[in-house]
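Numbering (the numbering used here), first residue to last: 1 to 391.
Ideal Cβ positions, reconstructed from N, Cα and C, are used throughout, including at glycine.
Working notes, beginning with the structure itself.
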Ligand SMILES: Cc1cc2nc3c(=O)[nH]c(=O)nc-3n(C[C@H](O)[C@H](O)[C@H](O)COP(=O)(O)OP(=O)(O)OC[C@H]3O[C@@H](n4cnc5c(N)ncnc54)[C@H](O)[C@@H]3O)c2cc1C
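What follows is the structure, encoded as structure tokens:
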């Protein structure tokens, strides 16, 4: 870890917070109005404040933060702006994905990801099928290339990225194999086109585009890691990435609670601040309880992950609880604000929309319930062995 002391780490956190609130927060109304994040303009500042290299290991020029150390950074970004959070979330999760590459691939890509000169995005979701093993995207080996055909949509950072990690089937007729793999497709490869998609409800300003692959010749060398590892790589990076989404939801929920508290003290009806009304206090108490619970399940998952444990169940539980909790908290924050909260000029209106992306990205509630129930029913759920006897 690059920070020699706890004080040095805390100073870094403070610097990031100051940057986000002093330099980025004033840009939020413009980003919301234009539905555009001026990424090229912001890139040098993000680099200066270590917003690209948090999770890149020190050996590749990054800060090499643990996930527990990174979480407060991500949470603060989510408090300021959801679109920016979505962009940086995909960048940091892609670092985890690229770490599953071969040593020379890590050496080639991670140092440039650390400086923000290289953005990588990941393509799982497809318009014509489900994700993972339901993928219709396929690449057939012809000589020293794979010919990739298929479509991926809703791919965050497609406008800015130079490298696209595409989950697909790779087939080799001479060997008679068909494997699920990740291919690294470079912007500009023949037959690869990117089509912008419509603007989003919340987390605005980031790009989420449609990728078309028409017989794209991808060199064999561009298989991330090796052929057949795709499912393992998907599970490995999503396991931690989904906890990061829970951390982002925590940021949105905390900010909504802070704003609701401030507003409840300020707004006077019938001669008294609404904060003195029991009904409003009820909303605030329920919001704070959700925030507290969300903070602690994510902390538990991150602590275990940093200690080297696998956390597949915790990851889905964090994601499931987070999307429901942030939904409840932003609902109540809107109610505390009354009609003014519904106006575009209100930050609650923005947080309310930002929170809804947490339901969708990296798996809907249905999918996480399926994952959790499957572990409960098919295997002995590892969760019940880990320290639960103490509580
Ligand atoms: C702003 C934004 C950014 C995104 N960024 C990325 C990105 O960078 N990379 C990427 O790969 N994807 C990205 N996504 C896609 C996102 O991960 C998916 O939208 C999400 O996982 C849901 O998948 P889907 O859209 O295919 O929904 P569908 O699979 O069409 O689901 C529709 C409904 O059916 C349910 N359903 C589907 N299959 C089943 C099943 N087998 N059993 C029970 N219920 C089922 C779902 O739970 C859901 O309620 C992004 C999405 C958005 C909105």
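Exercise. To which residues does DSSP link residue 139 through a beta bridge?
Worked result: To locate residue 139, count along the chain shown from 1; it is residue 139. According to DSSP, residue 139 bridges with 148 and 170.
For this session: Within the same chain, show all residues whose beta-carbon is closer than 8 angstroms to that of residue 23, passing over the 5 residues directly before and after it, in chain order.
Result: What you label residue 23 is simply residue 23 of the chain shown in a count that begins at 1. Correct list, in chain order: 45.
Problem set entry | Where the alpha helix (DSSP H) through residue 100 begins and ends | The sequence position of residue 100 within the chain shown is 100, counting from 1. That residue, residue 100, is in no alpha helix (DSSP H); it is neither H nor E in DSSP.
Problem set entry | For residue 219: DSSP bridge partner residues | Walking along the chain shown from the start, residue 219 turns up at place 219. When DSSP reads this structure, residue 219 sits in a beta bridge with 145.
Exercise. Do you know offhand how far residue 66's Cα is from residue 242's?
Worked result: Within the chain shown, residue 66 is the residue found at index 66, counting from 1. Within the chain shown, residue 242 is the residue found at index 242, counting from 1. Answer to the nearest angstrom: the Cα atoms are 16 angstroms apart.
Exercise. Is there contact here, the stretch 287 to 307 with the stretch 345 to 361, by at least three beta-carbon pairs under 8 angstroms?
Worked result: Between the stretch 287 to 307 and the stretch 345 to 361, the count of Cβ pairs shorter than 8 angstroms is below three; the stretches do not touch.
For this session: Closer than 8 angstroms by C-beta to residue 144: which residues in its own chain qualify, once you throw out the five before and the five after it? Chain order, please.
Result: Translated into positions along the chain shown, residue 144 becomes position 144. Annotation for residue 144: 219 and 220 place their beta carbon closer than 8 angstroms to its own, counting only its chain and skipping 5 residues before and after.
Problem set entry | Whether residue 208 touches residue 154 by CB criterion (9 angstroms) | For the purposes of this step, residue 208 is taken as the residue at position 208 of the chain shown. For the purposes of this step, residue 154 is taken as the residue at position 154 of the chain shown. Taking 9 angstroms as the Cβ cut-off, residue 208 and residue 154 qualify as a contacting pair.
Exercise. Among the residues of its own chain, which have a CB less than 7 angstroms from the CB of residue 297, if the five just before and after it don't count?
Worked result: As a working note, residue 297 is residue 297 in the chain shown. 317, 318 and 321.
Problem set entry | Residues that DSSP places opposite residue 321 in a beta bridge | By one-based count along the chain shown, residue 321 stands at place 321. Note: residue 321 sits in no beta bridge, so no partner.
Exercise. Three-state secondary structure (DSSP) at residue 165?
Worked result: Stepping through the chain shown from its first residue, residue 165 is reached at position 165. In the structure shown, residue 165 sits in a strand (DSSP, three-state: E or B).
For this session: Taking all protein chains shown into account, decide if residue 255 is buried (16 or more other Cβ within 10 angstroms of its Cβ) or exposed.
Result: By one-based count along the chain shown, residue 255 stands at place 255. Buried, because 16 or more other Cβ atoms sit within 10 Å of the Cβ of residue 255.
Exercise. Cβ of residue 133 less than 9 angstroms from any chain B Cβ?
Worked result: Considering every chain present, this structure includes no chain B. It has just one protein chain.
Exercise. With distances taken from CA atoms, which of 89, 13 and 130 is nearest residue 206?
Worked result: Stepping through the chain shown from its first residue, residue 206 is reached at position 206. Between residue 206 and the set 89, 13 and 130, the nearest pair of CA atoms involves 89.
Exercise. Where does residue 270 fall in DSSP's three states?
Worked result: In the chain shown, residue 270 corresponds to position 270, counting from 1. It is coil, neither helix nor strand.
Exercise. By DSSP, does residue 96 sit in helix, in strand, or in coil?
Worked result: The residue given as residue 96 occupies position 96 in the chain shown. In this structure, residue 96 counts as helix in the three-state DSSP scheme.
For this session: Consult DSSP for residue 91 and reduce its assignment to one of helix, strand or coil.
Result: Here the question's residue 91 lines up with position 91 in the chain shown. Correct three-state label for residue 91: helix.
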